[in-house]
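Chemist:
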Amino acid sequence: MNADQGPGDGQESAVEHDVVLPTAPDQEGDGIGIDELSDYLDRGRSPYDPVIEESPEHRRTLRALQRVRALSSALIDDDAARLPAPHESWFGSILTQVRREARAGRDIPLASVQPDVLLTITEGAVRGLVREAGDSVAGVLVGRCRLLGDVAEPGAEVVVDLTISVFWGVPIAEAAQQVRERVHSRLLTQTELRVVRIDVRVQDVYVPGPEES
């Protein structure tokens, strides 16, 4: 069972419940990386590639790539007269983390009305929810996202550990608090995890060098 949506169906708010049986196929090892996904996005996701579109991991990566591109474009437009756009390698490091965390990871159980049916959401899908919530805060990009605790045990205490990058001019404390609130709301409404704490650490602040000011 999978609640994913296809191209043009409001993917940015889609919830990926990678379910149902523990024998779900592993999507890793298909040889598709960030470059291939970026090229696919450049082509407008056409022609339709079932290997990409039917992989929850690839869809999560595509959505993250779209958000990073949108933010990069906004920075270039907004800061053209003031600040240079972040270096390409900086965005590359974010995308590398996105790709790593898009992998399925651990299975997180969901309640089912049918005792003989096992429902799960993957750890990668939950990290995708967290990343989308954090990235929705203006001027913020989520770097690393970790779920600490026994997520496979229903009711176990879980800590969400995040690093974020904040852009020059964005109030850091306010941005971090907004990230906590949005991540908490997303996990509360779309998962059954017992989240006891959300740690948000600012890893980078993008500031222009003296010669760029």
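Yeah, the sequence shown ends on 213 if you go by full-length UniProt numbering, and it's all consecutive.
A virtual CB, placed ideally from N, CA and C, is assigned to each residue, including glycine.
Quick caveat, the model's predicted, so the values are computed rather than measured.
So what does residue 214 bridge to, in DSSP terms?
Modeler: This structure does not reach residue 214, given that the chain is present from 1 up to 213, and the question cannot be answered.
Chemist: Using the Cα positions of residue 194 and residue 152, report the straight-line distance between them to the nearest angstrom.
Modeler: 11 Å
Chemist: The beta strand (DSSP E) with residue 157 in it runs from where to where?
Modeler: 157-167
Chemist: Between residue 141 and residue 67, is the Cβ-Cβ spacing less than 9 Å?
Modeler: Cβ distance < 9 Å, so residue 141 and residue 67 count as in contact.
Chemist: In terms of residues, what are the limits of the beta strand (DSSP E) holding residue 150?
Modeler: Segment: none, residue 150 is in no beta strand (DSSP E) and carries neither H nor E.
Chemist: How many angstroms separate the CA atom of residue 84 from the CA atom of residue 204?
Modeler: In this prediction, residue 84 has a pLDDT of 49, which is less than 50 and means its spatial position is unreliable; what the coordinates show is noted afterwards. Pairing residue 84 with residue 204, the inter-Cα distance amounts to about 16 Å.
Chemist: Check this for me: beta carbons of residue 137 and residue 191, under 9 Å apart or not?
Modeler: no
Chemist: Measuring only the C-alpha atoms, how far is residue 143 from residue 43?
Modeler: 26 Å
Chemist: In angstroms with no decimal places, state the Cα-to-Cα distance between residue 108 and residue 149.
Modeler: 11 Å
Chemist: So, with DSSP's three-state summary, where would you put residue 48?
Modeler: In the displayed model, residue 48 falls within coil according to three-state DSSP, outside both helix and strand.
Chemist: Bridge partners of residue 141, per DSSP?
Modeler: Its beta-bridge partners are 165.
Chemist: Please name the residue in 40, 154 and 130 whose C-alpha comes closest to that of residue 120.
Modeler: Out of 40, 154 and 130, 154 has the C-alpha closest to the C-alpha of residue 120.
Chemist: Quick check: residue 276 and residue 162, are their CB atoms within less than 9 Å of each other?
Modeler: Nothing can be reported for residue 276: it is not among the residues displayed for the chain, which extend from 1 to 213.
Chemist: By DSSP's criteria, residue 201 is part of a beta bridge. Which residues make up the other side?
Modeler: Per DSSP, 163.
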